[in-house]
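Note that full-length UniProt numbering numbers the sequence shown so that position 67 is 67, with each residue one more than the last. In this text, a Cβ means the ideal position worked out from N, Cα and C, and glycines have one as well. Comments concern the structure below.
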Amino acid sequence: MNIDTNKKNAISFYKTAYLGKPKEAVEKYVGKEYIQHNPAVANGTQGFIDYFDKMQREYPEKSIEFLRCIAEGDLVALHTRQIWPGNDQYVTMDFFRFDEAGKICEHWDSIQQVPTDAANNNGMF
C-alpha cells in the first residue's frame, strides 16, 4: 500500500465524482465493496453514483477546493472547501479507507456550512 498514491487517488476520486462523473470515479478508484457511512447516501457504489448524479443535475455550478490531504496506514483524510450556488460555502472532512489492492472501500464524512459570524477570527480553512 502506497500512502502517496492513496492520497492522489482519494483526491481524484472525490473530484471526479463531485464534478459530475461518479460512475467513472467508481470504476477507477473503488474496490469490490464500498461501505458508506453518510446517512444521506445509500450504501454501495450505486447509492454513491445516484447521489452524485442528482447533485450534479441540481447544482452543476458548485465548486470544490482541496485544502489538506492527510494519510496514515490505509486511511486518507481530505479537508475541502465547497462553494454552492448563492455563494453558500461549506467545509467538509472526508475519510476514505483503502483495501489491500489500493482501492477505496469505505467512506465517512462531516459537512458544515461556513457561518457568517464566528467567535474567533481563525476561519475554517
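Task: Continuous alpha helix (DSSP H) stretch holding Ala25: start and end - done: It spans Pro22 to Tyr29 - the alpha helix (DSSP H) in which Ala25 sits, taken as one unbroken run.
Open item on the list: Suppose you measure from the CA of Thr45 to the CA of Gln36; what does that come to, to the nearest Å?
Closed with: Rounded to the nearest angstrom, the two C-alpha atoms are 9 angstroms apart.
Open item on the list: Checking the sheet assignment: what are the DSSP bridge partners for Cys69?
Closed with: Cys69 pairs with Leu78.
TODO: With DSSP as the reference, please indicate the residues paired to Met93 in a beta bridge.
DONE: BP columns for Met93 point to His79 and Ser110.
Open item on the list: What does the Cβ neighbour count give for Pro60, buried or exposed, with the cut at 16 atoms within 10 Å?
Closed with: It counts as exposed.
Task: Delimiting residues of the alpha helix (DSSP H) encompassing Lys62 - done: Annotation: Lys62 is outside any alpha helix (DSSP H) and is labelled neither H nor E by DSSP.
- [ ] Under 7 angstroms Cβ to Cβ from Gln56, same chain only, skipping five residues before and after it: list those, please.
- [x] Excluding sequence neighbours, Gln56 sits near Gly20.
- [ ] Report yes if the CB atom of Phe13 is closer than 8 angstroms to the CB atom of Tyr29, and no otherwise.
- [x] Phe13 places its beta carbon less than 8 angstroms from that of Tyr29.
Task: Neighbourhood of Phe66 by C-beta, 7 angstroms cutoff - its chain only, sequence neighbours within 5 removed - done: Hits under 7 angstroms: Ile11, Leu78 and Thr80.
TODO: Look up Phe98 in the DSSP assignment and give the residues it is bridged to.
DONE: Per DSSP, Ile104.
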